[in-house]
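This report refers to the structure that appears directly beneath it.
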DNA sequence: CACTTAATGTGACATTTGTTACAGACGCTC
DNA sequence: GAGCGTCTGTAACAAATGTCACATTAAGTG
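Chains as they are written, first to last, in our numbering: chain P, 1 to 209; chain B, 210 to 418.
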């Protein structure tokens with residue numbers, strides 16, 4: 001069995017028999033940073049479990065504007081994919097690789113079966129839902145209750161937390177896209193954060209202090 | 210069996226045996242418009258199924274600011290309650306009666322059991338999750354991609370849709386609270402909508418045209 | 001009807017965010 | 001180091017939203 005998969009399954013406290021099923025039926029997928037894993041147009045019938053690396057979930061409107069929702073870290077799975085697949089619905093979000101990532105792709109056709117059969121899988125799925133709900137509500141909080149400067153700083157802190165590095169390799173333009181604002185605004189506010197000694201700026205790189 | 214419950218259970222296409230269990234184990238609860246059904250501090254172990262009337266789900270931040278997320282109509286249930294109860298977590302939202310409502314309160318302790326036992330209940334629960342995810346994403350869209358005038362109009366249309374009436378009995382102040390803005394802003398924008406012949410205004414009452 | 005209270009209207013101004021235009025800085029390649 | 005493309009900084013202005021003050025209006029009550 002793939003080593004990282006073994007580790008993730010153990011941490012998830014899944015039933016051993018179920019772990020074997022998942023390991024048997026799934027397949028490994030490696031994705032490069034920046035590549036799209038799930039998009040509104042894709043109709044993949046697999047759900048990704050993150051073994052290593054970092055995914056990010058974005059919401060996209062019909063005009064191509066987008067906004068960052070949350071990260072998916074090692075051991076986590078995309079709860080929204082589960083219901084989409086079960087319901088055969090169009091996905092209303094986009095999942096991208098924020099860093100190079102290793103995924104375990106599990107075909108959907110066994111999900112209902114496992115939910116019925118394994119208490120540990122029910123817990124796994126409900127955990128995933130709960131965590132994602134929390135993340136979505138958190139995203140709503142940021143957007144509704146915070147001004148752009150706080151939202152930006154929160155974004156930087158989240159990114160630091162998720163990547164485990166205080167160095168962020170992004171351009172102002174990229175950050176602006178994730179917050180659905182403009183590059184000039186981001187530059188302005190980052191300059192402010194720099195003056196407050198909360199960050200340090202370099203080309204293509206921001207350090208959180 | 211309660212008549213409205215009977216109807217809702219039938220529409221949900223639940224297994225007859227399960228319907229009987231739900232009808233047996235639950236209890237009827239009537240709530241007055243404006244009253245709080247679930248709040249972050251409540252630790253109720255029941256989930257509500259809306260038999261009649263209209264509930265609304267709000268997000269509240271620590272400073273007491275709040276924002277409207279979505280309505281729960283007849284036949285719908287609060288998916289977030291399910292996971293909260295299963296996980297024993299603190300609720301991160303508030304559910305209020307938008308109109309007088311009749312609820313069927315189902316104790317949580319049977320949920321896991323039902324999920325294991327009934328395929329139709331799994332479908333019911335996953336449907337609920339999917340619908341709620343969609344509603345949350347929809348709420349995010351409004352807040353991220355729309356300006357306040359569009360957001361306000363969308364809110365009015367949603368309310369019209371959910372209540373089934375083109376007349377909305379709310380003050381500008383109340384609307385402002387649900388959109389997390391100020392009364393003056395709402396008055397200004399409503400006046401605009403009136404000039405565009407999209408609404409007609411009276412004291413405590415707005416008519417959608 | 002006169003009075004009271006809550007709801008709404010509106011002007012004036014502050015703050016935040018968005019937009020445009022352009023200048024300067026950095027890193028890369030030849 | 002000259003040339004090039006991208007990234008960042010910044011001024012100037014526009015638009016959206018928030019805030020304060022106060023006027024006006026509508027509905028209910030005695």
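Idealized CB from N, CA, C, for every residue including glycine.
Host alpha helix (DSSP H) of residue i (start-end)
i                      : result
residue 121 of chain P : 119 to 145
residue 225 of chain B : 225 to 234
residue 215 of chain B : 212 to 220
residue 418 of chain B : Element bounds for residue 418 of chain B: n/a, residue is neither H nor E.
residue 43 of chain P  : Counting along the chain, residue 43 of chain P falls outside any alpha helix (DSSP H), and DSSP gives it neither H nor E.
residue 152 of chain P : 148 to 163
Contact check, residue i vs residue j, beta carbons under 7 angstroms
i                      : j                      : result
residue 67 of chain P  : residue 180 of chain P : yes
residue 238 of chain B : residue 314 of chain B : yes
residue 40 of chain P  : residue 123 of chain P : no
residue 101 of chain P : residue 31 of chain P  : yes
residue 166 of chain P : residue 207 of chain P : yes
residue 145 of chain P : residue 270 of chain B : yes
residue 169 of chain P : residue 205 of chain P : yes
residue 51 of chain P  : residue 4 of chain P   : yes
residue 224 of chain B : residue 327 of chain B : yes
residue 340 of chain B : residue 129 of chain P : no
residue 55 of chain P  : residue 69 of chain P  : no
residue 290 of chain B : residue 234 of chain B : no
residue 198 of chain P : residue 209 of chain P : yes
residue 268 of chain B : residue 137 of chain P : yes
residue 398 of chain B : residue 366 of chain B : no
residue 304 of chain B : residue 352 of chain B : no
residue 308 of chain B : residue 262 of chain B : yes
residue 290 of chain P : residue 325 of chain B : Residue 290 of chain P lies beyond the residue range present for chain P, which begins at 1 and ends at 209; the question has no answer from this structure.
residue 148 of chain P : residue 108 of chain P : no
Residues that residue i contacts on chain B, provided the C-beta gap is smaller than 7 angstroms
i                      : result
residue 129 of chain P : 292, 338
residue 80 of chain P  : 342
residue 92 of chain P  : 343, 346
Extent of the continuous beta strand (DSSP E) run through residue i
i                      : result
residue 170 of chain P : Run containing residue 170 of chain P: none; DSSP gives neither H nor E here.
residue 395 of chain B : No beta strand (DSSP E) holds residue 395 of chain B; the alpha helix (DSSP H) holding it covers 392 to 404.
residue 264 of chain B : 264 to 269
residue 200 of chain P : 199 to 202
residue 275 of chain B : 275 to 281
Proximal residues of chain B, C-beta to C-beta of residue i below 8 angstroms
i                      : result
residue 140 of chain P : 268, 276, 278, 345, 348, 349, 352
Chain-ordered neighbours of residue i on chain P, where CB pairs are closer than 9 angstroms
i                      : result
residue 389 of chain B : 144, 145
Amino acids of chain P, ordered along the chain, whose beta-carbon sits closer than 8 angstroms to that of residue i
i                      : result
residue 321 of chain B : 119, 122
Any non-hydrogen atom of the ligand SAH within 6 angstroms of residue i CB
i                      : result
residue 316 of chain B : With respect to small molecules bound, the structure shown includes none, and the ligand SAH cannot be examined in it.
Chain P residues whose Cβ lies nearer than 7 angstroms to that of residue i
i                      : result
residue 324 of chain B : 115, 122
- [ ] Only counting runs of 3 or more residues, tell me where the beta strand (DSSP E) segments fall wholly within the region 288 to 322 of chain B, in order along the chain.
- [x] 303 to 306, 310 to 316
Open item on the list: Does the region 284 to 292 of chain B come into contact with the region 230 to 237 of chain B, if we say contact requires no fewer than three beta-carbon pairs (one atom in each stretch) closer than 8 angstroms?
Closed with: no
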